[in-house]
Amino acid sequence: MVNLSDIKPLFYAARFFGCAPHRVTDSDVLLTTSGLIYSGIWALGFVCCCCYGLRLICAGVYTGERNMLALTAVRTLLAYVCFLADDALTMRWNERLRSALLQLRNFDVAVSYGRKRSVNWKLRCCCWMLVGTIIAYWIGVGYVTYKCEMTNPLFNAITYVIANAAISMQLIKFAGLLILLRQRFRYLRELLPLEAAHPNSARRAIQLQDIWWLHCSLANAAETINSCYSLQLLLWIFTMWLNALSRIYAMNETLVDSGQFLLMLRESLLVTACIGNLMLIALACHYTAREANSVGRAAFAPQTSFSRKRSLLEHSLEVGVYFSLRQLHFSAAGGFIQVDLPLLLSIAGAMTTYLVVLHNNS
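Residue 19 is where the sequence shown starts when you use this note's numbering, and the numbers rise one by one after that.
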């Protein structure tokens, strides 16, 4: 099982890129003065890079169609807005995030989860490997950018590496928090007493009202985390979608017949990364919500001892109504977009339609 200390590498990597001004403990994240100063320096650097990059685009340093230059300016601005918005909102909603983590801690104490538990070194190593893979990927993209860009190659290479790696660290930090939630929802489902369980087992000791309270605590924590990341989710999804579409458009319109292999490779790597980020967001939200919503179905399943006791069911109407109405869903922009697999399929369908239209017009 996963505790906050097990995913510390994700927070360390995010902090290195100025995305998490926290000191991470076993069950809490604390804002520190040094972290705020460090993140502020990164934010100032991002603002300077954004202004300089937009100035180069507006000054006509980069050649190309007007539509492509406009798309380049918009996606550049959005990338920097993503970083700055997450940085600002992480500080703004830190108390909300801490309250959600406190609810997770209360759950752990209530079910004695994590007692006498050693550090999950395997998961920590996997987190470090994931961080290293992401950084190596973006360094590769930066190297290809340095080789293929004709104007300001060093500036473009550095900004591609830093901006994209920083956003990736923001995403995996968010996914790490959802992993904490999903593991606890799964653990709660495994606590449900089965009819075949031994009479003296721990599964027999838990009551339906306990399941209700524990699920409510975890669901409240999930909704609090969702409220902290509501705007960031919208920005991430829109930025990745626009980046992927605009780069596909660029490859179809200008690069296919130009013979610029390195530029095609760079754009392909960026499209792949955008699609991967969208999949990470959608899959993490979808499977966490599905695990949460499966607890109610499992509680009243025929194989549980709850469903075998008629007297217990007759006095548990409120619990049944709760699980029927309390369906967890992650959303962006305060419920404007529901983030799940159907959203990913809709994005994939829109991109496929766009590719077909481009192919027919070419």
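We treat Cβ as the ideally placed atom computed from N, Cα and C, and that holds for glycine. Keep in mind that this is a model prediction, so the values were computed, not measured.
Helix, strand or coil for residue i per DSSP?
i      : result
SER349 : strand
ILE224 : coil
Do you know how far the Cα of residue j is from the Cα of residue i?
i      : j      : result
VAL92  : PRO360 : 27 Å
LEU335 : ASN138 : 40 Å
VAL289 : ALA268 : 11 Å
PHE203 : ILE197 : 10 Å
CYS303 : CYS69  : 34 Å
ALA38  : ASP104 : 9 Å
ILE176 : GLY338 : 55 Å
GLU271 : GLU113 : 48 Å
GLY36  : ASN378 : 44 Å
ILE153 : MET187 : 9 Å
LYS26  : GLY53  : 15 Å
CYS100 : GLY63  : 14 Å
VAL65  : TYR98  : 7 Å
VAL42  : TRP111 : 16 Å
GLU208 : GLY352 : 31 Å
CYS145 : LEU195 : 13 Å
PRO217 : THR242 : Note that PRO217 scores a pLDDT of 46, beneath 50, so its modelled location is shaky; the value from the coordinates is reported in the next line. Between PRO217 and THR242, the C-alpha separation is close to 37 Å.
LEU48  : GLY367 : 41 Å
SER316 : SER23  : First, the residue type needs correcting, since residue 316 is Ala and not Ser in the sequence shown. One C-alpha to the other measures close to 29 Å.
ALA183 : TRP156 : 6 Å
ALA118 : SER235 : 9 Å
LEU210 : LEU301 : 26 Å
Assign residue i to buried or exposed, taking buried as 16 or more other Cβ atoms, counted over all protein chains shown, within 10 Å of its Cβ.
i      : result
MET168 : exposed
ILE55  : exposed
VAL375 : exposed
THR151 : exposed
LEU296 : buried
ILE59  : exposed
CYS143 : exposed
GLN121 : buried
ALA128 : exposed
LYS191 : buried
THR371 : exposed
SER264 : buried
THR163 : buried
ARG284 : buried
ARG33  : buried
GLN250 : buried
CYS246 : buried
THR51  : exposed
MET147 : exposed
ASN85  : exposed
CYS76  : exposed
PHE354 : exposed
Under DSSP, the beta strand (DSSP E) around residue i begins and ends at which residues?
i     : result
LEU48 : 47–49
VAL42 : 40–42
On the DSSP letters alone, give me the boundaries of the alpha helix (DSSP H) that residue i sits inside.
i      : result
ARG308 : 279–317
GLY338 : 335–343
LEU260 : 248–268
VAL92  : 84–110
ALA184 : 171–208
PHE34  : 26–34
ALA154 : 139–166
Are the Cβ atoms of residue i and residue j separated by less than 8 Å?
i      : j      : result
ASP46  : ARG116 : yes
VAL149 : TYR178 : no
GLN345 : ASN311 : yes
PHE348 : ASN244 : yes
LEU199 : ILE299 : no
LEU96  : LEU287 : no
ALA350 : ILE255 : yes
TRP230 : TYR340 : yes
VAL357 : LEU206 : no
Sorry if obvious, but does the Cβ on residue i come closer than 7 Å to a heavy atom of the ligand ZN?
i      : result
THR257 : Among the ligands in the structure shown, none appear at all, so the ligand ZN cannot be discussed.
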